[in-house]
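Chains as they are written, first to last, in my numbering: chain A, 1 to 449; chain B, 1 to 449.
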């Protein structure tokens with residue numbers, strides 16, 4: 001396997017993209033051209049089809065032999081792909097994304113072998129086949145039929161194209177953006193190891209997330225991952241844990257031992273953060289983008305609502321984190337700040353006295369004694385969530401500790417949550433979700449210590 | 001403790017409600033009157049305050065001695081409450097909700113004892129103090145300052161008023177309705193046991209959910225719960241598992257042994273379904289409203305998207321459910337229904353062939369061999385989620401097995417999810433959440449077998 005960074009640049013930063021396939025209404029190739037044009041890609045876009053004509057103001061080429069093509073995106077029927085790839089190879093094209101299905105995933109191993117052979121022969125890198133394509137939000141490259149990702153600092157790479165589509169839709173709903181998106185399908189050439197290696201040095205990417213079913217190049221992957229986690233965190237969903245799940249994966253042969261237990265141990269050892277589902281993946285990405293590290297496991301919970309704080313504290317302790325009481329010096333300090341009757345213990349329950357000023361002064365007072373803070377706010381009829389969010393945001397800027405919020409819930413806190421975003425504070429729907437995120441970040445910090 | 005059902009009717013079906021407290025802008029009593037009026041309560045509403053005058057077209061009474069009051073809602077400062085309660089008792093009022101705080105939760109045990117004594121003396125039932133009130137969506141009774149609940153078939157009872165507020169906001173966001181909502185605060189008289197006993201015979205309530213921190217009347221609660229679960233399921237969040245969480249609860253004395261492990265065992269033994277957080281509570285309620293029972297643990301997964309199906313299958317097997325292969329007779333049947341290349345195994349991955357017709361015919365064919373089905377759908381550019389939802393809905397009506405869906409995600413499936421609601425099919429954001437719900441319902445069926 002070759003891992004030249006220059007080769008990979010053709011996928012993410014091509015000067016020209018040629019799209020092969022029918023340019024008729026509803027066809028994949030046309031949808032990709034549309035996404036490139038509407039997305040605002042500034043390089044050259046060459047639609048290529050025997051039909052000729054024009055599409056979105058672009059000429060449809062019937063002959064590609066005189067075009068300079070950095071990246072070929074192929075959405076023609078599978079039997080026609082090997083001869084096309086051969087021609088592209090001869091012409092010196094160095095990168096191809098094969099969107100089309102009909103290969104090893106339906107038992108057609110022979111055709112997939114042909115592709116591999118041609119790629120090797122011409123030193124051409126291939127993503128796919130049977131994939132949903134690549135996106136780079138930095139240069140508006142959307143070589144995919146999926147909904148265009150918003151820009152952000154998380155890269156997502158996935159074996160399952162359909163899962164990729166679901167992730168993009170969930171992200172859109174959450175207003176969550178990506179740096180790069182890669183669906184690599186049957187992985188006939190480019191795989192996780194190449195992609196991680198590339199993303200390690202991509203300045204736009206701060207967090208790498210991946211969905212994998214098997215790891216045919218387990219050792220190589222782990223080597224790349226180990227080198228990467230010193231620079232940026234990797235979050236992984238590893239599916240296919242049990243027998244039934246595994247028989248549903250397309251790639252259940254030749255993977256790293258195959259036993260889930262081995263993945264679990266390897267991931268822990270190499271500092272890869274494993275999550276169980278997509279919601280956890282989004283939660284943790286958002287946490288890591290704000291706070292790559294949390295130095296210890298002593299957590300303070302500040303709240304205006306008893307019940308949610310108790311549930312959050314339960315979850316923190318379930319996960320092995322600590323919610324220790326404040327020192328007596330700190331208690332004395334808090335006595336001066338707070339009305340009588342307010343609890344001076346952790347969780348710090350401000351009750352109905354949880355005004356913007358009280359939240360702010362308590363946060364500033366307790367921050368030095370804890371490694372991270374969770375601020376829980378349940379709105380009442382009398383309180384403006386935006387004011388509380390501003391006070392929390394300003395307090396956060398004067399402390400140097402990670403601060404997470406749980407502004408619960410619905411329309412009364414929408415404005416507050418928007419405000420928290422401006423301060424770079426990650427907000428979670430429940431304190432339990434927030435506790436899980438802190439736990440994972442603490443684990444990672446311990447690993448890389 | 002008295003548990004006369006007639007007594008409890010005063011809280012849920014009063015002919016008249018008197019609200020005691022300041023009727024000035026922003027005050028609690030005024031907000032409650034507003035909620036009763038705007039909510040459309042058809043009984044008599046008596047605002048009572050020394051100010052006199054009018055509010056929302058209603059006369060504010062300065063003297064309540066000639067009024068016939070089924071339910072008194074009290075939001076005056078705590079020191080004035082015992083004398084008021086004494087007067088109400090003398091007048092024959094049999095039910096009072098004390099919203100006001102300032103009692104045992106801030107160390108003022110003496111005042112709370114006075115209330116208890118008066119209640120005993122006059123055989124008056126008291127909810128609170130320090131609570132968020134009661135709602136009954138059947139007769140539009142909203143004696144609370146919280147956002148008015150939508151109508152539904154789930155009752156929610158909570159010790160923590162602030163948590164109650166958060167639950168109502170989350171529910172509003174989800175379009176989830178309640179039959180009854182009760183926040184009982186410091187529980188000086190009416191507690192979980194009374195409420196469960198009442199709700200057991202409430203026809204509007206199909207599922208009972210509760211948030212508890214401690215159970216001072218543990219034995220009585222378990223007795224009532226045991227009798228109730230034969231009629232309708234109980235879902236419980238028990239908070240205060242660990243030391244830090246417990247010290248944050250207002251009621252950490254005198255509870256049933258206090259050790260979380262004991263609750264865990266008792267809940268299992270009595271068939272109470274324990275959940276970890278509010279999202280799980282909503283998920284499970286929705287599942288139980290559609291399917292009170294699932295007969296066994298053999299689950300089929302039908303999908304048009306490999307990745308999400310693998311993750312769902314993993315979760316099902318993590319939880320001890322089974323995802324068995326179809327019989328060879330069923331495989332033969334499927335061969336006739338499906339294009340070649342489509343997997344005849346469970347999970348049944350229809351790939352790009354997952355049209356409305358294919359979903360429908362596969363669901364009908366496999367239903368007899370499984371105890372429940374999960375249908376996962378990830379939309380592609382070419383597919384109309386409403387059509388798929390209709391096909392799934394119609395198929396469900398011709399099988400007699402619980403069918404859950406996971407239409408993922410965002411705006412492309414919004415229409416489909418609306419359609420599924422019309423068929424009474426619960427849809428989940430992820431297959432993992434759906435798996436958790438099925439697991440809990442299966443557990444319950446095993447318990448009550």
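Idealized CB from N, CA, C, for every residue including glycine.
Per DSSP, residue 119 of chain A has no beta-bridge partner at all. Boundaries of the beta strand (DSSP E) around residue 152 of chain A: 151-158. Annotated as distal: residue 284 of chain A and residue 237 of chain A, with beta-carbon spacing of 8 Å or more. Within its own chain, the residues whose Cβ lies closer than 6 Å to the Cβ of residue 151 of chain A, once the five positions on either side in sequence are excluded, are 137 and 177, listed in chain order. Going by DSSP, residue 198 of chain A is part of the alpha helix (DSSP H) stretching over 192-200. By the Cβ neighbour-count rule, residue 56 of chain A is exposed, with fewer than 16 other Cβ atoms within 10 Å of its own.
Taking 8 Å as the threshold, the shortest C-beta distance from residue 106 of chain B to chain A falls below it. Neighbours of residue 160 of chain A in chain B, taken as residues at a C-beta separation under 8 Å, are given in chain order as 305, 306, 307, 308 and 310. Counting only the Cα atoms, residue 419 of chain A lies some 33 Å from residue 75 of chain B.
Inside the segment 33-93 of chain B, DSSP marks whole beta strand (DSSP E) runs of 3 or more residues at positions 44-48 and 71-74, from first to last along the chain.
Neighbours of residue 380 of chain B in chain A, taken as residues whose beta carbon is under 9 Å from its own, are 145, 146, 162 and 165 in chain order. The C-beta of residue 25 of chain A has fewer than 16 other C-beta atoms within 10 Å across all chains shown, which makes the residue exposed. Across the segment 291-303 of chain A, CB contacts with chain B closer than 9 Å involve 301 and 303, in sequence order along the chain. Taking C-beta atoms under 8 Å as the contact rule, residue 352 of chain B and residue 101 of chain A qualify, at a distance of about 7 Å. Residue 39 of chain A is positioned such that its CB atom lies no closer than 8 Å to that of residue 17 of chain A. Between the alpha carbons of residue 296 of chain A and residue 371 of chain A lies a gap of roughly 5 Å.
In this structure, residue 147 of chain B and residue 170 of chain B do not form a Cβ contact; the two beta carbons are roughly 10 Å apart against a cut-off of 8 Å. Residue 144 of chain A and residue 212 of chain A have their alpha carbons spaced roughly 20 Å apart. Distances from the alpha-carbon of residue 401 of chain B to those of B:410, B:433 and B:438 put B:438 closest. Under DSSP, residue 236 of chain A forms a beta bridge with A:210 and A:274. Listed along chain A, the residues sitting closer than 7 Å to residue 346 of chain B by beta-carbon distance are 244. In this structure, the CA atom of residue 339 of chain A is about 14 Å from the CA atom of residue 105 of chain B.
Per DSSP, residue 178 of chain A is one residue of the beta strand (DSSP E) stretching across 178-183.
In the DSSP annotation of this structure, the continuous segment of the beta strand (DSSP E) that includes residue 133 of chain B starts and ends at 133-136. Within chain A, not a single residue places a beta-carbon under 8 Å from that of residue 374 of chain B; the smallest gap is close to 12 Å. By the neighbour-count criterion, in which a residue is buried when 16 or more other Cβ atoms sit within 10 angstroms of its Cβ, residue 28 of chain B is buried.
Of the residues A:191, A:436, A:358 and A:269, the one whose Cα lies closest to the Cα of residue 129 of chain A is A:191. Among the residues facing chain B, residue 170 of chain A is included, as its CB has a counterpart in that chain under 8 Å away. For residue 404 of chain A, the enclosing beta strand (DSSP E) begins and ends at 403-407. The beta-carbon of residue 439 of chain A is placed no less than 8 Å from the nearest beta-carbon of chain B. Taken through DSSP and simplified to helix, strand or coil, residue 313 of chain A comes out as helix. Residue-level contact check: residue 370 of chain B does not touch chain A, since none of the beta carbons of chain A fall below 8 Å from its beta carbon. Those residues of the segment 266-287 of chain B placed with their C-beta closer than 7 Å to a C-beta in chain A are 276, 277, 278 and 279, ordered along the chain.
The beta carbon of residue 346 of chain B sits closer than 7 Å to the beta carbons of 300, 301, 323, 324, 325 and 326 from its chain, once the five residues preceding and following it are set aside; these are given in chain order. With the criterion set as a beta carbon lying under 9 Å from some beta carbon of chain A, the members of the segment 313-326 of chain B are 313, 314, 315, 316, 317, 318, 322, 323, 324 and 325, in sequence order.
The distance from the Cβ of residue 428 of chain A to that of residue 396 of chain A is about 15 Å, inconsistent with a contact at the 8 Å cut-off.
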